[in-house]
Amino acid sequence: MSSNPQAATSGPPWVPNTASLGGIPTVPVDVPIDAVFLVLFIVAAASHMTIFRRNLARGHKFIPSGATFGFCMARIVANVLRIVWACRPHNVRIAIASQIFVAAGVVILFILNLLYAHRMLRAAHPRLGWSRPLSYLFKALYALVIVSLAMLITVTVQSFYTLNTNTRRIDRDIQLYGSTYFMTVSFLPFLIIAYILLAPRPDTQRIEKFGKGRWRTKIILLCATTFFLCLGAAFRCGTSYKNPRPAADPAWYHHKACFYVFNFGVEICAVYIYLFGRFDQRFYVPDGSSKVRHFRGKLADEGSDPKEYQPQVSNGERDEESGPDTLSNGETGTVEYTNEGKMTYSPATVFDLLSVQMDSNAAEATPQGSGLPLAFHGTIIHSLDVDELEIIEDGLIIVGADGKIEALRKNVSKDEVNGIVSEVGYTPDVFPVKYLKRGEFLCPGFIDTHNHAPQWAQRGVGRGLVIMDWLNKTTFPHEAKFEDPAYAKRTYASCVSGFLRQGITTASYYGSKHSQASKILAETCLEIGQRAYVGKCNMNRHAPDWYRDLTAEASIKETLDFIAHLRKIDPEKSLVTPILTPRFAISCTHDVLVGLGKIAKENPDLPIQTHFNEAEQEMEITKELFPEFKNEADLYDHFNLLTERSILAHCIFLNEYEMKRLKELNCGVSHCPISNTTGGVFMIAPIREYLRRGIKVGLGTDSGGGYSSSILDAMRQAFIVSNAQQTFTKGTDPSLSLKECFFLATLGGAQVCCLDDRIGNFNVGKEFDALEIHTDVTDQPSIITPIEDEDSSDIIWEKFLMSGDDRNIAKVYVRGKSVKVTTSLLLEYHLGFASLVLLYCHLSGYVPFLSGTPSQTLRPFQLLALASCPPSYSPIQTTSLSHKEATMAPMADPQPVQVQPPPPTHPSLIKVIRSNKPFGSGAVSLVDLPAGAVLAKITEATPGTKAYTSVQTGPDTHIELNSDLVFCNHSCAPSLNFDMGKMEVRVVDNKPLKAGDALTFFYPSTEWDMDQPFNCNCGAGEGICRGWISGAKTMSKEELSGYWLNEHIVELLKKQDS
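Be aware that the sequence shown starts at 1, since it is given in the UniProt record's numbering, and climbs by one per residue.
Structure below.
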């Protein structure tokens, strides 16, 4: 609402009377522009953080990507503040904050550009580039940037809080120094590049290779970003030396177009050059390079002899004309590593180092064989057999570049580590060794032998239903969604990342019936880095018509196509392997089973998975469909689907014959204790008996059928149900120990999957699939049982198994590469963006509510740009300001804004009188009404909270009016009463309302304790005007006498008196 304008505030802060770049932002001009830049910076922030996190996950730490993300976040805040400032043009504190963020962020880009130039100087002129004086000079430059920024922020704020001429002169001098220094820093990369290109180098000196891509391309990209940053810095510096102009007479360079082009415009160009130019690849240098004073520090760490290292780039000219890795003979190639970790050269026929695909849905795939060697010293825990758990104190494990374990030593002191590293064939001191602290240990990655990837989003649903009801009512409708490839991509990315977060390095996945979606699942595993068996589910009967294979022929054909696709994308089966997946015999006709059996016979290396003796209902239906077979073992064996590579899920009701047959065929059993006991019935598989007979057994989450996707939960449930089994059998079937449950989750699962020659424990020669466990987590505290000083390693291990969770799994390694995917980036970005929206709402005093009609729902940019705008400024009627806006004193002279007002809400009753002066708008009556008559009902209101934009309706409830009633001003001689109990606006009882009368009411009649008090200038006259208006709480009975008050105000007064 508005009323007569008040006298300008006496300050501080004081509004500068000189023109500034861009001037005071306005809603119709600045809000749309800032909204566009907001989107661009949000996309850039998300992209740079995605690259940073994915690079970090594969051991490629590139801090500048994180710094660029920080710059983008600062720019997001700057744009949000400018939008708020446009909506609150007289709020000087918002203006101060906006100017600080506009000035502060760009220094990050200056430092990054200088850093990139310094790396190029070190590569081209190492004697100068690595010299200590120059290193100290660069550090001084960086430090001075930070000091200068702090000085500029200080004087910027001070200039708003002083009228002293001498102080303002000093502030201006410091601002001139700062803009000059920043312009100099922005220009330095040009000078460095010029020196690199023009300064002579010895004929024997080569440009040291770092990062990827051509040397010429690096120079071009760096020159491009330097040009844009110099352009902006030079414009700001040049204009700052111009004589100040009055705010009412700005120069051309104060125009908004200049502000946006030479600030956000040039910066967004630099940021996207960083992004699309893949600076994270081109300017990457190994960790520790500064210590060893060359860019092959990591290569030396990887097992190469630094003395033998030869940079791949020649003296410069040839490299600029040829490919990224051109040798003297003109061939192109990549650096690779042998099984011994030594560096070799091979022709580049597959990977073009200059083209790196950016995939927003999954992490970048790392070429196989390009891993980095690594070692761990500390506690190592793994299973040697079902009843043999080995806990190695002070162990040392060394992993080669190919991801295989090269050494496992026991009882190694830290002083002995370098000797063993040298013995294995690596260079001591520079070889990367991670020393695990107390409470940290390594264990093998968990292996989930049975789960349903399409059921990731239905976990926990359908509890208590028996198997066939659960399938028809819950599972089949959900799995049918995977006909949509986009849905499959989203869900499978979340699924695979979720399993990895929980330490599942290997999973045997059932896909849906859809071949395309199952291919997407396999591709997702390969891209993110999880080892997986993936199967297209075969099912052509006993399912709805809309969720089954059309024919047996189509089912087999799609299966063959699926197998061919997986063999194409991972021909070595390094991570992803196709697996035959008849859902169960019930869902497959005779022809489908025959076709699958034929594929199995022709491809003996193919694993097979199906449900086997899963439930009594399933067994009964199977007998009805296949009466010629006495049991499921004979059924599947007849179709050639029982082999040593068969993974049989559940196996709850095996008879004596079936147990013998599974042992003879060396089939594996996937024990799924969670789903076995949380469906329609409580079922326990006799795992102790299977182990006694030598049948292979692993653990399965049966995620979907089971409510949890955690192998830790599966281990705990296996332990619990085995105790129940011991009770039910009166001790004849002893319970499982924790070390046996751990075996099932690791080495046992590997045996079931026929991968125990590759994974499952830390025997030398196996691939390094491992979990790095931290029981003392500080950044995201876990609920694990506290570790005490006297706890031994086996006690710490036991506490993790029984009370730990994914927060204690600090790192996940598959084939020697770190692959753990942390909290969803998309969620992080959404949370970050939500925080900015809340910041905006806090500054503007507006709090959005989810309740209300659809017409009251605000689009994101309406929320940012318009939610708090005064009605006279807003081109869209979103939510109007409350009456307490009416007599708030303006902070500075108004800036006239001409916009199209929203349509009236009470055109026959109320005329809105708009003014370009701040808070000068009001409303007058269009009708004559007698005293006490109702003028209007309050029907457009939405819930609100206490703010200067709300009307109080109860002791602790408020609303927003959202109508022309918002223009009713305060008066100590009001013409209206706002009755919030009846939600109506009435004429006062002591005088009628005439057409043309101002529509006013007494604010304390609704407000108990106002969010923003004000000094009233209503003009009611001496003895009538109450002066300071802050709500009924601070007014005496005498001051309130004679006014009609709402019931909640009366009750609050009574409560205050008592």
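Beta carbons are placed, not taken as given, at the ideal position from N, Cα and C, and that holds for glycine.
* To do: Pick out the complete alpha helix (DSSP H) segments inside the stretch 193-252, 4 residues or longer, and give them in chain order.
  => As for any alpha helix (DSSP H) of minimum length 4 sitting wholly inside the stretch 193-252, the runs are 215-240, ordered along the chain.
* Relative to the C-alpha of cysteine 443, which residue among Gly503, Ala493, Gly238, Asn1015 is closest? -> As a position in the sequence shown, residue 443 is number 443, starting the count at 1. If you compare the alpha carbons of Gly503, Ala493, Gly238, Asn1015 with that of cysteine 443, the shortest gap goes to Gly503.
* **Sequence ranges, beta strand (DSSP E) only - wholly within the stretch 540-582, length at least 3** => Qualifying beta strand (DSSP E) stretches, in chain order: 576-578.
* In three-state terms, what does DSSP make of valine 386? -> Residue numbering aside, residue 386 sits at position 386 when the sequence shown is read from its first letter. When secondary structure is reduced to three states using DSSP, valine 386 falls in the coil class, being assigned neither helix nor strand.
* **Endpoints, alpha helix (DSSP H) assigned at valine 721** => Here residue 721 is taken as the residue at index 721 of the sequence shown, counted from 1. Per DSSP, valine 721 is one residue of the alpha helix (DSSP H) stretching across 711-728.
* **Closest residue to histidine 514 among Ala543, Phe482, Phe499, His90 (Cα-Cα distance)** => On the sequence shown, position 514 is the one that residue 514 refers to. Of the candidates Ala543, Phe482, Phe499, His90, the one whose C-alpha sits nearest the C-alpha of histidine 514 is Phe482.
* Asked: Looking at C-beta atoms only, is the number of pairs between the stretch 683-701 and the stretch 472-486 that lie closer than 8 Å three or more?
  -> Counting C-beta pairs with one atom in each stretch, the stretch 683-701 and the stretch 472-486 have fewer than three that are closer than 8 Å, which means they do not touch.
* Asked: Residues in its own chain within less than 7 Å of glycine 23 by CB, not counting five upstream and five downstream?
  -> Numbered from 1 along the sequence shown, position 23 holds the residue referred to as residue 23. Excluding sequence neighbours, glycine 23 sits near Pro250, His254, Lys256.
* Is the beta carbon of valine 80 less than 8 Å from the beta carbon of leucine 38? -> Locating residue 80 in the sequence shown gives position 80, counting from the first residue. Locating residue 38 in the sequence shown gives position 38, counting from the first residue. Taking 8 Å as the Cβ cut-off, valine 80 and leucine 38 qualify as a contacting pair.
* **CB of arginine 693 within 8 Å of CB of methionine 715, strictly** => Locating residue 693 in the sequence shown gives position 693, counting from the first residue. Locating residue 715 in the sequence shown gives position 715, counting from the first residue. Cβ atoms of arginine 693 and methionine 715: not closer than 8 Å.
* **Closest Cα partner of isoleucine 684 within the set Ser709, Asp733, Tyr707, Arg645** => Residue mapping note: residue 684 aligns to position 684 of the sequence shown, counting from 1. The option with the nearest alpha carbon to isoleucine 684 is Asp733.
* 8 Å Cβ cutoff met for asparagine 723 and isoleucine 773 -> For the purposes of this step, residue 723 is identified with residue 723 of the sequence shown, where counting begins at 1. For the purposes of this step, residue 773 is identified with residue 773 of the sequence shown, where counting begins at 1. Going by C-beta atoms, asparagine 723 is not nearer than 8 Å to isoleucine 773.
* Asked: Are there 16 or more other CB atoms within 10 angstroms of the CB of glutamine 516, so buried, or fewer, so exposed?
  -> Looking up residue 516 in the sequence shown gives position 516. With 16 or more other CB atoms across the displayed protein chains lying within 10 angstroms of its CB, glutamine 516 is buried.
* To do: Mind reading off the beta-carbon distance from threonine 1000 to serine 975? Whole number of angstroms is fine, and I expect it under 8 Å.
  => Here residue 1000 is taken as the residue at index 1000 of the sequence shown, counted from 1. Here residue 975 is taken as the residue at index 975 of the sequence shown, counted from 1. Between serine 975 and threonine 1000 the Cβ distance is about 5 Å, and since that is below 8 Å, they are a contact.
* Can you name, in chain order, every residue of its own chain whose Cβ lies under 7 Å from the Cβ of lysine 663, other than the five neighbours on each side? -> In the sequence shown, residue 663 corresponds to position 663, counting from 1. Closer than 7 Å at the Cβ level, and outside the excluded window around lysine 663, lie Arg693, Gly694, Ile695.
* Straight-line Cα distance separating methionine 980 from alanine 457 -> Translated into positions along the sequence shown, residue 457 becomes position 457. Translated into positions along the sequence shown, residue 980 becomes position 980. Just so you know, the alpha carbons of alanine 457 and methionine 980 end up roughly 46 Å apart.
* Asked: What is the DSSP secondary structure of serine 646, counted as helix, strand or coil?
  -> One-based indexing of the sequence shown puts residue 646 at position 646. Residue state, collapsed to three classes: strand.
* First and last residue of the alpha helix (DSSP H) that includes histidine 478? -> Sequence index remark: in the sequence shown, residue 478 carries index 478 (1-based). Bounds of the alpha helix (DSSP H) holding histidine 478 are 476-479.
* Asked: What is the DSSP secondary structure of histidine 90, counted as helix, strand or coil?
  -> Walking along the sequence shown from the start, residue 90 turns up at place 90. It is coil, neither helix nor strand.
* To do: Answer yes or no: the CB of asparagine 666 versus the heavy atoms of the ligand PLP, is any distance below 7 Å?
  => Among the components modelled here there is no ligand, and therefore nothing to report on the ligand PLP.
* Simplified DSSP assignment, three categories, for asparagine 55 -> On the sequence shown, residue 55 is found 55 positions in, with the first residue counted as 1. Residue state, collapsed to three classes: helix.
* For the beta strand (DSSP E) holding valine 534, just list the boundary residues, first then last. => As a first step, residue 534 is located in the sequence shown; it is residue number 534 there, counting from the start. Its beta strand (DSSP E) spans residues 531-535.
* Asked: So, do the stretch 146-155 and the stretch 66-77 have three or more beta carbon pairs nearer to each other than 8 Å?
  -> Between the stretch 146-155 and the stretch 66-77 there are fewer than three inter-stretch CB-CB distances shorter than 8 Å, so the stretches are not counted as touching.
* To do: Could you tell me which residues DSSP pairs with cysteine 443 in its beta bridges?
  => Locating residue 443 in the sequence shown gives position 443, where the first residue counts as 1. Per the DSSP secondary-structure output, cysteine 443 pairs in a beta bridge with Leu771.
* Asked: Among the residues of its own chain, which have a CB less than 6 Å from the CB of leucine 665, if the five just before and after it don't count?
  -> Taking the sequence shown and counting its residues from 1, one reaches residue 665 at position 665. The residues are Leu642.
* What is the DSSP secondary structure of glutamate 960, counted as helix, strand or coil? -> Looking up residue 960 in the sequence shown gives position 960. Correct three-state label for glutamate 960: strand.
* the stretch 987-996 / the stretch 1013-1033 touching (three or more Cβ pairs under 8 Å) -> Between the stretch 987-996 and the stretch 1013-1033 there are fewer than three C-beta pairs closer than 8 Å, too few to call the two in contact.
* To do: Using the Cα positions of valine 927 and threonine 156, report the straight-line distance between them to the nearest angstrom.
  => Taking the sequence shown and counting its residues from 1, the one referred to as residue 927 is at position 927. Taking the sequence shown and counting its residues from 1, the one referred to as residue 156 is at position 156. Cα-Cα distance, rounded: 52 Å.
* Would you kindly check if the distance between the Cβ of threonine 506 and the Cβ of arginine 531 is under 8 Å? => For the purposes of this step, residue 531 is identified with residue 531 of the sequence shown, where counting begins at 1. For the purposes of this step, residue 506 is identified with residue 506 of the sequence shown, where counting begins at 1. With respect to threonine 506, arginine 531 sits close: the two C-beta atoms are nearer than 8 Å.
* Determine the burial state of leucine 866: buried for a count of at least 16 other Cβ atoms within 10 Å of its Cβ, exposed for fewer. => As a first step, residue 866 must be located in the sequence shown, where it is residue number 866. Only weak support is given to the placement of leucine 866: the predicted model assigns it a pLDDT of 33, under 50, and the value that follows is read from those uncertain coordinates. The Cβ neighbour count for leucine 866, taken over all protein chains shown within 10 Å, is at least 16; the residue is labelled buried.
* Is it true that the CB of serine 587 sits closer than 8 Å to the CB of methionine 619? -> In the sequence shown, the residue the question calls residue 619 occupies position 619. In the sequence shown, the residue the question calls residue 587 occupies position 587. 8 Å or more divides the Cβ of methionine 619 from the Cβ of serine 587.
* Looking at the structure shown, is tyrosine 813 part of a helix, part of a strand, or coil, going by DSSP? -> For the purposes of this step, residue 813 is taken as the residue at position 813 of the sequence shown. If DSSP states are grouped into helix, strand and coil, tyrosine 813 belongs with the strands.
* From threonine 154 to aspartate 394, what distance separates their C-alpha atoms? -> Position 154 of the sequence shown, counted from the first residue, corresponds to residue 154. Position 394 of the sequence shown, counted from the first residue, corresponds to residue 394. Threonine 154 and aspartate 394: Cα-Cα distance of roughly 53 Å.
* Buried or exposed by the 16-neighbour rule on C-beta atoms within 10 Å, applied to arginine 164 -> For this step, residue 164 is matched to residue 164 along the sequence shown. According to the sequence provided, residue 164 is asparagine. The question's arginine does not apply to it. It counts as exposed.
* Asked: Hey, is the stretch 567-583 in contact with the stretch 591-607, meaning 3+ C-beta pairs nearer than 8 Å?
  -> The answer is yes - the stretch 591-607 touches the stretch 567-583, with three or more Cβ pairs under 8 Å.
* For the stretch 420-438 and the stretch 645-655, state whether three or more C-beta atom pairs, one from each stretch, are separated by less than 8 Å. => Put simply, the stretch 420-438 does not touch the stretch 645-655. Fewer than three CB pairs are less than 8 Å apart.
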